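Trainee:
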Amino acid sequence: MAHGLPDYNRGVDVAYQALSQMIVRPKYGGAVRTSGGLVVTASVETLLCTVSGKGMIYGGWIRLDHTSTQKDSGVIMAVDGDDIFSMSFDGGIKYGITYPRCSPMILQLFDDVNFIYSVGISYGITFETEVKLSYQEEHVQTPSVGYNLVYALI
Amino acid sequence: MIELKGIIQFYDEGHKCVDVVVAEGEDHNYKRLRVGVDIKVNRGKILTFLAAKYGVKQGAVLWPRHIKAIDSDIATSLAP
């Protein structure tokens with residue numbers, strides 16, 4: 187409170203405060219991790235997880251290690267009802283979508299000899315109502331896909 | 040006071056897990072709770088769970104408007 191003045195008579199102004207400085211920061215809850223692994227369905231989009239709430243993503247990944255190629259398969263991220271990212275592994279390596287924070291997700295590993303692929307999820311994506319992660323299979327296969335999403339709920 | 044902060048639906052080892060995150064009491068301590076496995080999500084089920092968990096009436100649970108209790112199951116994820 188300012189010197190002798192009720193708060194409703196004066197806005198926040200450090201010149202009138204007893205404090206020498208004021209730190210303002212967004213208030214987030216503790217970090218939450220959602221992770222799992224599942225055998226996805228061939229040739230369609232399979233939902234991995236969905237979070238309903240308001241918050242911010244700290245990071246995460248989706249990865250798989252299969253017995254045949256999955257290069258044309260890929261991942262989808264939807265935020266607040268919009269698909270904000272959709273990319274095949276092949277597209278990621280072809281166009282170099284590998285630089286952190288250039289995109290909501292980035293390709294981290296593309297090994298089409300041993301059939302190991304992974305994508306990372308960028309830090310700092312905020313969501314107002316919902317975030318969803320999905321895997322789009324394109325090779326009539328049923329690979330096992332692992333995922334990890336770390337975020338805070340406000 | 041119990042305030043719902045989020046509903047998490049995720050798939051692991053062939054099962055659908057449903058968790059909620061709530062803020063408890065005046066200190067707003069965050070807590071993650073398992074609502075169930077392989078269940079459908081709707082508002083009534085979440086409220087019933089939280090009311091029973093904390094021994095309060097459903098109306099005492101603060102449910103922010105931006106949180107939607109929509110079941111995540113889609114036809115593709117349920118296919119054999």
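So the sequence lines, in the order shown, correspond to chains A and B. Sequential numbering from 187 applies to the first sequence in the numbering used here. Sequential numbering from 40 applies to the second sequence in the numbering used here. Idealized CB from N, CA, C, for every residue including glycine. Computed from a predicted structure; not experimentally measured.
If you measure from the beta carbon of Q327 (chain A) to each beta carbon in chain B, is any gap under 8 Å?
Mentor: no
Trainee: Taking the alpha carbon of Y303 (chain A) as the point to measure from, which residue in A:T315, A:D266, A:S221, A:D276 has its own alpha carbon closest?
Mentor: A:D276
Trainee: Leaving out five residues on either side along the sequence, give the residues of the same chain with a beta carbon under 8 Å from the beta carbon of A338 (chain A).
Mentor: Counting only Cβ-Cβ distances below 8 Å, and skipping sequence neighbours, we find Y214, G215, G216, A217, V218, G241, M242, Y244.
Trainee: For T277 (chain A), report the span of its alpha helix (DSSP H) as first-last.
Mentor: According to the sequence as given, residue 277 (chain A) is Gly; it is not Thr. G277 (chain A): member of the alpha helix (DSSP H) spanning 275-280, first to last residue.
Trainee: So E52 (chain B) packs on G223 (chain A), CB below 8 Å; how close in whole Å?
Mentor: About 7 Å separates the beta carbons of E52 (chain B) and G223 (chain A), which is inside the 8 Å limit, making them a contact pair.
Trainee: Of all the CB atoms in chain A, is at least one closer than 8 Å to the CB of I113 (chain B)?
Mentor: Here I113 (chain B) scores only 49 on pLDDT, less than 50, and its place in the model should not be relied on; the value that follows carries that caveat. Yes, contact with chain A.
Trainee: Between which two residues does the alpha helix (DSSP H) holding Y93 (chain B) run?
Mentor: Where Y93 (chain B) is concerned, the enclosing alpha helix (DSSP H) stretches over 82-93.
Trainee: Taking all protein chains shown into account, do 16 or more other C-beta atoms lie within 10 angstroms of the C-beta of Y321 (chain A), making it buried, or fewer, making it exposed?
Mentor: Buried: at least 16 other Cβ atoms inside 10 Å.
Trainee: With R219 (chain A) as the anchor, note down where its beta strand (DSSP E) starts and where it stops.
Mentor: 217-225
Trainee: When DSSP builds the beta bridges, which residues end up paired with W247 (chain A)?
Mentor: A:G306, A:N334
Trainee: DSSP on G260 (chain A), reduced to helix/strand/coil?
Mentor: strand
Trainee: Decide if L319 (chain A) is buried, meaning its Cβ has at least 16 other Cβ atoms within 10 Å, or exposed.
Mentor: buried
Trainee: Indicate the three-state DSSP secondary structure (helix, strand or coil) for Q327 (chain A) in the structure shown.
Mentor: coil
Trainee: Nearest-angstrom Cα distance between N300 (chain A) and D58 (chain B)?
Mentor: 35 Å
Trainee: Counting only beta-carbon atoms, is S408 (chain A) nearer than 8 Å to chain B?
Mentor: Residue 408 (chain A) falls outside the range modelled here, since chain A spans only 187 to 340, and no answer is possible.
Trainee: Taking its Cβ as the centre, do 16 or more other Cβ atoms sit within 10 Å of A114 (chain B), making it buried, or is it exposed?
Mentor: Low confidence applies to A114 (chain B): its pLDDT is 39, below 50, so where it sits in the model is not reliable, and the reading given next is rough at best. The residue is exposed, with fewer than 16 neighbouring Cβ atoms inside 10 Å.
Trainee: Taking the alpha carbon of V226 (chain A) as the reference point, which residue from A:V331, A:Q207, A:S272 has its own alpha carbon closest?
Mentor: A:V331
Trainee: Alpha carbon to alpha carbon, how far is G75 (chain B) from G64 (chain B)?
Mentor: 23 Å
Trainee: Does T253 (chain A) pass the burial test, meaning 16 or more other C-beta atoms within 10 Å, or should it be called exposed?
Mentor: exposed
Trainee: Kindly indicate the opening and closing residues of the beta strand (DSSP E) around R73 (chain B).
Mentor: R73 (chain B): member of the beta strand (DSSP E) spanning 68-76, first to last residue.
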